[in-house]
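Taking it in order: structure first as structure tokens, then the write-up.
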Amino acid sequence: MKSTSPTSALLMSLILASVTLVATPAKAGTEWKWKDASGATQYSDRPPPAGTPEANILQRPNASRAVQLAKPASEVDAAASAAKPAAAAKAPESELDVKRRKAEEEKEAQRKVEEEKAAKGRAENCTQARNYQRTLNDGIRIARTNSKGEREILDDKGRADEQRRTQEAIASNCK
Numbered sequence: 075m076k077s078t079s080p081t082s083a084l085l086m087s088l089i090l091a092s093v094t095l096v097a098t099p100a101k102a103g104t105e106w107k108w109k110d111a112s113g114a115t116q117y118s119d120r121p122p123p124a125g126t127p128e129a130n131i132l133q134r135p136n137a138s139r140a141v142q143l144a145k146p147a148s149e150v151d152a153a154a155s156a157a158k159p160a161a162a163a164k165a166p167e168s169e170l171d172v173k174r175r176k177a178e179e180e181k182e183a184q185r186k187v188e189e190e191k192a193a194k195g196r197a198e199n200c201t202q203a204r205n206y207q208r209t210l211n212d213g214i215r216i217a218r219t220n221s222k223g224e225r226e227i228l229d230d231k232g233r234a235d236e237q238r239r240t241q242e243a244i245a246s247n248c249k
């Protein structure tokens, strides 16, 4: 084993320390710190979004690092102004489309419900008309109550009228 002199050990320690310092990124002073619109404190290696008031920016990175991170103001303003109108134009249009589509879907659902109710009513009327037609064809006596509240038995003419009316009901309801 070689023995090392105190000066070479000191030199090695200094070299190791300087390499370590150079190799690790300097974190202090490279972060942005600001309060967002809701009041929450935000930390980032990028500047706060455009429109953040100066009073809300709590910490900036050191000057040499800030120059590398920040874009020129004209570039930031141009990008922000180009993005805002496009997003503003799309947002209301898409909201309008969504509202229109929802209204159409609601109308379609309402129409389907009404059609189902009508179909159910027609099926019920069809069943009743067919049952009544069967009763009329079997020749069973049928009594009705007249406007005075008295019972009347259907004669042949009344039975024929009822069969005609029932046949029309079957034709319109049993499709």
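Per my numbering, the sequence shown runs over residues 75 to 249. All C-beta atoms in this analysis are idealised placements derived from N, C-alpha and C, irrespective of residue type, glycine included.
Going along the chain, which residues of its own chain have a beta-carbon closer than 8 Å to the beta-carbon of residue i, five neighbours each way excluded?
{"i": "S197", "result": "Reading off the sequence, residue 197 comes out as Ala, not Ser. The answer, listed in chain order, is N247."}
{"i": "A203", "result": "T240, A243, I244, N247 and C248"}
{"i": "T126", "result": "W108 and D110"}
{"i": "S92", "result": "none"}
{"i": "T209", "result": "I216"}
{"i": "P122", "result": "W106, W108, D110, Q116, N130 and I131"}
Looking only at C-alpha atoms, which of the options sits nearest to residue i?
{"i": "E105", "options": "S118, A114, S112 and A111", "result": "S118"}
{"i": "Q237", "options": "I214, V172, K249 and G223", "result": "I214"}
Within a Cβ cutoff of 6 Å, which residues of the same chain sit near residue i, ignoring the five residues on either side of it in sequence?
{"i": "G195", "result": "none"}
{"i": "C200", "result": "N247 and C248"}
{"i": "T115", "result": "K109"}
{"i": "L228", "result": "I216"}
Rounded to whole angstroms, how far is the Cβ of residue i from the Cβ of residue j, which I believe are closer than 8 Å?
{"i": "K107", "j": "L132", "result": "4 Å"}
Taking 8 Å as the threshold (C-beta atoms), are residue j and residue i in contact?
{"i": "A234", "j": "R225", "result": "no"}
Leaving aside the five residues before and after residue i along the sequence, list all residues of the same chain whose C-beta is less than 7 Å from its C-beta, in chain order.
{"i": "N130", "result": "W108 and K109"}
*Contiguous beta strand (DSSP E) assignments of at least 3 residues, all confined to the stretch 163-228*: 217-219 and 225-227
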